[in-house]
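K.L.:
Can you keep this structure in mind? I'll have questions shortly.
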Amino acid sequence: MKLLKKGAEADIYTASWNGQNSILKIRKKKDYRIHSLDIRIRTLRTIRESKMISEVKSFGIPTPLVYFVDEKKCEMYLQFIHGKLIRDLPATQIIRTCKEIGRIVGILHKNGVMHGDLTTSNFILTQKGLVILDFGLSQKTDKIDDYAIDLRLFKEVLNSAHAQIVDDAWALFILGYQKILGKNITEKIINQVLVIEKRGRYANVV
Ligand SMILES: Nc1ncnc2c1ncn2[C@@H]1O[C@H](COP(=O)(O)OP(=O)(O)O)[C@@H](O)[C@H]1O
Ligand SMILES: [Mg+2]
Numbered sequence: 014m015k016l017l018k019k020g021a022e023a024d025i026y027t028a029s030w031n032g033q034n035s036i037l038k039i040r041k042k043k044d045y046r047i048h049s050l051d052i053r054i055r056t057l058r059t060i061r062e063s064k065m066i067s068e069v070k071s072f073g074i075p076t077p078l079v080y081f082v083d084e085k086k087c088e089m090y091l092q093f094i095h096g097k098l099i100r101d102l103p104a105t106q107i108i109r110t111c112k113e114i115g116r117i118v119g120i121l122h123k124n125g126v127m128h129g130d131l132t133t134s135n136f137i138l139t140q141k142g143l144v145i146l147d148f149g150l151s152q153k154t155d156k157i158d159d160y161a162i163d164l165r166l167f168k169e170v171l172n173s174a175h176a177q178i179v180d181d182a183w184a185l186f187i188l189g190y191q192k193i194l195g196k197n198i199t200e201k202i203i204n205q206v207l208v209i210e211k212r213g214r215y216a217n218v219v
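For the sequence shown, this note's numbering gives the first residue as 14, with consecutive numbering after it.
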């Protein structure tokens, strides 16, 4: 077992599961949280993530297979996805991929699922296409505001981590998204993104 990544929330190891290349995702104890609450949060996110990763497959979202979940240890074994993180791709390739990211996010929203952590570190480009990861903060919702929160986070990530391409990348993302959800709903959600952004600005002023 080898440590691959230390994420914000979890440690990621490369491991073997029944002879398969796999990822072991362990949600670590956080000492700043009250112990009982910490266990509850880590257990909930582990269960939520493993369920949602499997569930969204039913409507065509490409995610890793879940091999095994240990709720008590707050860990799970996932299929190892070979490829490159979108965050690490050259700018032109990130732009090109954004349309497909928009399409995937559109399918999630169309089926009432908010991802909750839409960053360019949560998508891997493989030879067969894009795979989406990290459903620990996902939830079922039918609220326009929740979908807008997803979009707004992704826009913010483009703005901060990929500033030189944000306009083109965002436009293509919306194009892919709109292909799935249609013009009217997409416009409604984008309007809500603007409302949230305004809210943020006022909050900064106060
Ligand atoms: N199934 C997987 N296959 C390949 N790499 C993965 C896989 N799952 C996670 N990773 C790598 O580990 C990183 C962190 O994993 P992630 O599930 O996003 O945890 P966190 O919740 O800490 O962000 C990802 O950005 C990716 O580089
Ligand atoms: Mg992540």
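For every residue, glycine included, the Cβ atom is placed at its ideal position computed from N, Cα and C. Quantities reported herein were computed from a predicted structural model and do not represent experimental measurements.
May I have a chain-ordered list of the alpha helix (DSSP H) segments no shorter than 4 residues that lie completely inside the segment 125 to 161?
P.N.:
Whole alpha helix (DSSP H) segments, 4+ residues: zero.
K.L.:
DSSP has Trp-183 in a bridge; who is on the other side?
P.N.:
Partner(s): none; Trp-183 has no beta bridge.
K.L.:
Quick one: what does DSSP say Thr-27 is sitting in, helix, strand or coil?
P.N.:
It is a strand residue.
K.L.:
Does the distance between the C-beta of Asp-130 and the nearest non-hydrogen atom of ligand 2 fall short of 7 Å?
P.N.:
Yes, the Cβ of Asp-130 comes within 7 Å of a heavy atom of ligand 2.
K.L.:
Consider the C-beta atom of Gly-20 and the heavy atoms of ligand 2; say whether any pair is separated by less than 7 Å.
P.N.:
Under cutoff, so the answer is yes.
K.L.:
Does DSSP classify Tyr-80 as helix, strand or coil?
P.N.:
Note: Tyr-80 maps to strand in three-state DSSP.
K.L.:
Helix or strand or just coil, what does DSSP make of Tyr-215?
P.N.:
In the structure shown, Tyr-215 sits in a helix (DSSP, three-state: H, G or I).
K.L.:
If you draw a straight line from the C-alpha of Arg-40 to the C-alpha of Ile-60, how long is it?
P.N.:
Spanning the two alpha carbons is a distance of roughly 11 Å.
K.L.:
Taking 8 Å as the limit between beta carbons, can you name the residues of its chain near Ser-35, skipping five residues before and five after?
P.N.:
The answer, listed in chain order, is Thr-27, Ala-28, Ser-29, Tyr-80, Tyr-90, Leu-91, Gln-92, Phe-93.
K.L.:
Return yes when the Cβ of Leu-138 is within less than 8 Å of the Cβ of Gly-96, no when it is not.
P.N.:
Yes, Cβ-Cβ distance for Gly-96 and Leu-138 is below 8 Å.
K.L.:
Considering only residues of the same chain and omitting the five flanking positions on each side of Ile-108, which have a CB-CB separation below 7 Å?
P.N.:
The residues are Ile-178, Asp-181, Ala-182, Leu-185.
K.L.:
Between the Cα of Met-127 and those of Thr-105, Asn-172, Leu-143, Leu-150, spot the shortest distance and give me the residue it belongs to.
P.N.:
Closest by alpha carbon: Leu-150.
K.L.:
Are the beta-carbon atoms belonging to Ile-187 and Thr-133 less than 8 Å from one another?
P.N.:
No, Cβ-Cβ distance for Ile-187 and Thr-133 is not below 8 Å.
K.L.:
For ligand 1, is there a heavy atom less than 7 Å away from the beta-carbon of Asn-135?
P.N.:
Yes; taking the cut-off as 7 Å, the Cβ of Asn-135 has a heavy atom of ligand 1 nearer than that.
K.L.:
With the cut-off set at 8 Å, would you say Lys-211 and Arg-116 are in Cβ contact?
P.N.:
No, these two residues do not count as a Cβ contact at 8 Å.
K.L.:
Do Lys-201 and Ile-162 have their C-beta atoms closer together than 8 Å?
P.N.:
No, the pair does not count as a contact, with Cβ atoms beyond the cut-off.
K.L.:
Would Glu-84 and Thr-56 be called neighbours here (beta carbons separated by less than 8 Å)?
P.N.:
Yes, they are a contact pair.
K.L.:
Apart from the five residues just before and just after Pro-75, which ones in its own chain have a Cβ nearer than 6 Å to its Cβ?
P.N.:
So the list reads Val-144, once near-sequence residues are dropped.
K.L.:
If distances are taken between C-alpha atoms only, which option among Ser-173, Gln-205, Gly-189, Leu-50 comes closest to Thr-110?
P.N.:
Thr-110 has its Cα closest to that of Gly-189, out of Ser-173, Gln-205, Gly-189, Leu-50.
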